[in-house]
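A.B. asks:
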Amino acid sequence: MSDLNKLTLADARDKLRDGSVTSVELTEACLSEIEKAGALNAFVHKTPEIAMEQAKAADARIAQGDAPAMCGLPVGIKDLFCTKGVPSQAASGILEGFTPEYESTVSQNLFDAGAVMLGKLNMDEFAMGSSNETSVYGNAVNPWRRGNDDAQLTPGGSSGGSASAVAADLCLAATGTDTGGSIRQPAAFTGITGIKPTYGRCSRWGIIAFASSLDQAGPMTKNVRDAAIMLEAMCGHDPKDSTSADLPVPNFEAMLTGDIRGKKIGIPREYHMDGMPDEIDALWANGREMLKDAGAEIVDISLPHTKYALPAYYVIAPAEASSNLARYDGVRYGHRAKLAQGDGITEMYEKTRAEGFGHEVQRRVMVGTYVLSAGFYDAYYNRARRVRALIKKDFEDVFAQGVDAILTPATPSAAFGLGEMDDADPVKMYLNDVFTVTVNLAGLPGISVPAGLDHQGLPLGLQLIGRPWEEGDLLNTAYALEQAAGFVAKPGKWW
Amino acid sequence: MSIDKDTAARVAKLARIKVEEDALPALAQEFNTILGFIEQLNEVDVEGVEPMTSVTPMRLKRREDVVTEGDQQDKILSNAPDAREGFFAVPKVVE
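Sequence order for the protein chains is A and B.
Going by this note's numbering, the first residue of the first sequence is number 1, and it counts up by one from there.
Going by this note's numbering, the first residue of the second sequence is number 1, and it counts up by one from there.
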């Protein structure tokens, strides 16, 4: 059978179980596509030996009638996840050569469920970026193009390699992480599905930390059903992460009925941004109609502190990053600068961090250092944490009014060209996350579903935001939206 | 609040990142752009609002204060740029 790499997780699973395909065949099909897709720069550390070994083991399990949820399904892992014996460097020069002696809980959960790892995926350095342009490996490239224009576009970020690989069918699905929109924005830019679960659903243990109160892992997949299957395999309580929720994980896939009759969907008026392209507005209005036609009740809602989410995020995230990234000191792992005669330990720290961190990471670490420094802690950091409490309360208030989910655009634009934002000030790039960052600040689950194409033929996504711990209900609403939108477009193959 | 070159140098020092003298003015300018954006937070009335500490309120679990995964010196040192005789090695700290 050809094009095995194009299968969804659900279809591949069913074929593995009925014996019409083997994991070795699926894995070989993906590895062969990865070899041909160097131009996308999605896979940055390939692990074909591990993949083939895991695929053979999966085939043996299936033959014995022991086929857990992800058994034999080949996936890519974002470089932010520590994978035992495999380079894991968060796309940073400072972790050059780092090969962990341990496995992250999420990747271990996937392996326990039988998943096959094809390799590590490109991303923005330490997940700081919205275009995958801050990576030490170079840019990941979006498989989508504007019509016949051969200009290279960003796959979004920070999980840009994951998005590019799934959209180009190099793997069946991939892991991502999302601190301010890093799963949902690249999913929207590449026409795939991405869910960030409730904060605490996925263990953060073994995921290289950016901003610990915001970071969450999640799946990036070809459709909503696959997101349900893979999310269930990824999450669960982990004693090694003190913020991991000790709650049962439901069977998310079983909750996909597509029946959303009587559900109350909120449309937040504050998400109508000045200067938002008409196409985004039209897409949003379409989504509203689709959910209404499916039997949901549409209500206008207000989330009054929305405007302050990005500025609060750009205090809290850099503050936490400056603390988390203090560990990169050239002593325990990764890069250490060559020292000059007479250099002491302070010079070692300063040179190592100047050489090892890229520009955006340095900038955020220093902004974080500033807002936490004596005399500014209250004015910036504590104020941002107070505003964060208000942003969370905005959501609690609308959920208390009976709203089940909130519909918004996923991004303020379609994918832009690589290099197009080079001359823009950093704040302009930060605006990419304007619709997604509120969800991280409030710890809520959010999903991006592809819902249409813009006038240049590029995918656009809609975001649904759910109640805490109700990923199952959120996935079901997303499933109804997906069915109504009927998005089936794929990028034309040029790579 | 405007950040000047000296403040930028002080922040770089606190963050232990070496920034060359001639790069400081541009860095200060970037800080000012970002902090200017952040200034919007001053419009919000936060009177009586507690700063958020945990986004999903939960009691942190407790466990016995015992070694769970010890005796891994080799593994811990395996990624060190300079490890000697079972220790991390760094430039001389005390004269």
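Glycine included, every Cβ here is placed at the ideal spot set by N, Cα and C.
Roughly how many angstroms lie between the CA atoms of A:S212 and A:E320, to the nearest whole one?
C.D. replies: Cα to Cα, A:S212 sits roughly 7 Å from A:E320.
A.B. asks: Against A:G565, what residues of chain B qualify as contacts under a CB-to-CB distance less than 7 Å, listed in chain order?
C.D. replies: This structure does not reach residue 565 of chain A, given that chain A is present from 1 up to 495, and the question cannot be answered.
A.B. asks: Between which two residues does the beta strand (DSSP E) carrying A:L16 extend?
C.D. replies: Careful: A:L16 lies outside any beta strand (DSSP E), inside the alpha helix (DSSP H) at 9 to 17.
A.B. asks: So which residues of chain A does B:K18 contact, with C-beta pairs closer than 7 Å?
C.D. replies: Near B:K18 (Cβ distances below 7 Å), the residues of chain A are E350, K351, A354.
A.B. asks: Shortest alpha-carbon distance to A:G65 belongs to which of A:L16, A:C30, A:T105, A:C82?
C.D. replies: Here the closest residue by C-alpha is A:L16.
A.B. asks: Just the chain A side, please: which residues come within less than 7 Å of B:Q40 by C-beta, in chain order?
C.D. replies: By Cβ distance, chain A contributes Y308, P311.
A.B. asks: Counting C-beta neighbours from all protein chains within 10 Å, is the total for A:H305 16 or more, i.e. buried, or is it exposed?
C.D. replies: Buried, by the Cβ-count rule.
A.B. asks: What residue does the beta strand (DSSP E) around A:K493 start on, and which one ends it?
C.D. replies: Looking at the DSSP string, A:K493 is not in any beta strand (DSSP E), and its letter there is neither H nor E.
A.B. asks: Interface residues of chain B around A:I345 at Cβ under 9 Å?
C.D. replies: Residues of chain B passing the Cβ test: V90, P91, K92, V93.
A.B. asks: Mind listing the chain B neighbours of A:T369? Cutoff is C-beta to C-beta under 7 Å, in chain order.
C.D. replies: The answer, in chain order, is V11, L14, A15.
A.B. asks: Any idea which residues DSSP pairs A:P74 with across the strands?
C.D. replies: Bridge partners of A:P74: A:V116.
A.B. asks: Would you check if the distance between the CB atom of A:L339 and the CB atom of B:P91 is smaller than 9 Å?
C.D. replies: Going by C-beta atoms, A:L339 is nearer than 9 Å to B:P91.
A.B. asks: Let me know the secondary structure DSSP gives A:M497 once reduced to three states.
C.D. replies: The requested residue 497 of chain A does not occur in the structure, where chain A is confined to residues 1 to 495.
A.B. asks: Are there 16 or more other CB atoms within 10 angstroms of the CB of A:A217, so buried, or fewer, so exposed?
C.D. replies: A:A217 should be labelled buried.
A.B. asks: In the DSSP output, which residue or residues are listed as bridge partners for A:D300?
C.D. replies: For A:D300, which the question treats as bridged, DSSP gives the partners A:I267.
A.B. asks: Please report how far the alpha carbon of A:C202 lies from the alpha carbon of A:G157, in whole angstroms.
C.D. replies: Approximately 20 Å, taken between the alpha carbons.
A.B. asks: So is A:F487 buried or exposed if we call it buried at 16+ other beta carbons inside 10 Å?
C.D. replies: With 16 or more Cβ atoms within 10 Å of its Cβ, A:F487 is classed as buried.
A.B. asks: In whole angstroms, what is the alpha-carbon distance linking A:N223 and A:A442?
C.D. replies: The alpha-carbon atoms of A:N223 and A:A442 are separated by roughly 25 Å.
A.B. asks: How many whole angstroms separate the CB atoms of A:D518 and A:E279, which I take to be in contact at a CB cut-off of 8 Å?
C.D. replies: In this structure chain A extends from 1 to 495, so residue 518 of chain A is not present and cannot be described.
A.B. asks: Look up A:A405 in the DSSP assignment and give the residues it is bridged to.
C.D. replies: In the DSSP output, where bridge partners are listed per residue, A:A405 has A:I265, A:G466.
A.B. asks: Report the option in B:R10, B:S2, B:E69 whose CA atom is closest to the CA atom of A:A374.
C.D. replies: With distances taken between Cα atoms, A:A374 lies closest to B:R10.
A.B. asks: Just list the beta strand (DSSP E) runs in the stretch 209 to 245 of chain A, keeping only unbroken ones of 3 residues or longer that don't cross its boundaries, in chain order.
C.D. replies: Within the stretch 209 to 245 of chain A, the complete beta strand (DSSP E) runs of at least 3 residues are 216 to 221.
A.B. asks: Closer than 8 Å between beta carbons: that is the criterion. Which residues of the stretch 48 to 74 of chain B meet it against chain A?
C.D. replies: Answer in chain order: V49, E50, P51, M52, T53, S54, V55, T56, M58, L60, K61, R63, Q72.
A.B. asks: Could you list which residues in chain A have their beta carbon closer than 7 Å to that of B:E30, in chain order?
C.D. replies: Correct list: R363, P426.
A.B. asks: For A:G477, does the three-state DSSP call read helix, strand or coil?
C.D. replies: The amino acid at residue 477 of chain A is misidentified as Gly; the sequence shows Thr. Helix at A:T477.
A.B. asks: Just checking: is the beta-carbon of A:M421 within a distance shorter than 9 Å of some beta-carbon in chain B?
C.D. replies: Output row for A:M421: interface = no.
A.B. asks: Looking at chain A, is there any beta carbon in it that lies within less than 9 Å of the beta carbon of B:S2?
C.D. replies: Closer than 9 Å: no.
A.B. asks: List the endpoints of the continuous beta strand (DSSP E) containing A:G191.
C.D. replies: Where A:G191 is concerned, there is no enclosing beta strand (DSSP E), given that its DSSP letter is neither H nor E.
A.B. asks: Chain A partners of B:F37, CB-CB under 8 Å?
C.D. replies: Under the 8 Å cutoff, chain A gives L310, P311, Y314, V427, Y430.
A.B. asks: Could you check the C-alpha separation between A:V371 and A:A384 for me, to the nearest Å?
C.D. replies: Cα to Cα, the separation comes out at about 10 Å.
A.B. asks: Skipping 5 residues on each side, what residues in its chain have a beta carbon closer than 8 Å to that of A:L431?
C.D. replies: Excluding residues within five positions, the ones whose Cβ falls inside 8 Å are L310, P412.
A.B. asks: At 4 residues or longer, and completely inside the stretch 323 to 371 of chain A: list those alpha helix (DSSP H) runs for me, N to C.
C.D. replies: Entirely contained in the stretch 323 to 371 of chain A, the alpha helix (DSSP H) runs reaching 4 residues are, in chain order, 345 to 356.
A.B. asks: Mapping the DSSP letters down to three states, classify A:F252 as helix, strand or coil.
C.D. replies: In this structure, A:F252 counts as coil in the three-state DSSP scheme.
A.B. asks: Which residue's Cα is closest to the Cα of A:I77: A:M234, A:A478, A:V365?
C.D. replies: It is A:M234 whose Cα lies nearest to the Cα of A:I77.
A.B. asks: Of all Cβ atoms in chain A, is any one closer than 9 Å to the Cβ of B:L27?
C.D. replies: Judged by the 9 Å Cβ criterion, B:L27 is in contact with chain A.
A.B. asks: Quick one: grab the DSSP three-state call for B:E87.
C.D. replies: The amino acid occupying residue 87 of chain B in the given sequence is Phe; Glu does not appear at that position. Of the three classes helix, strand and coil, the one that applies to B:F87 here is strand, per DSSP.
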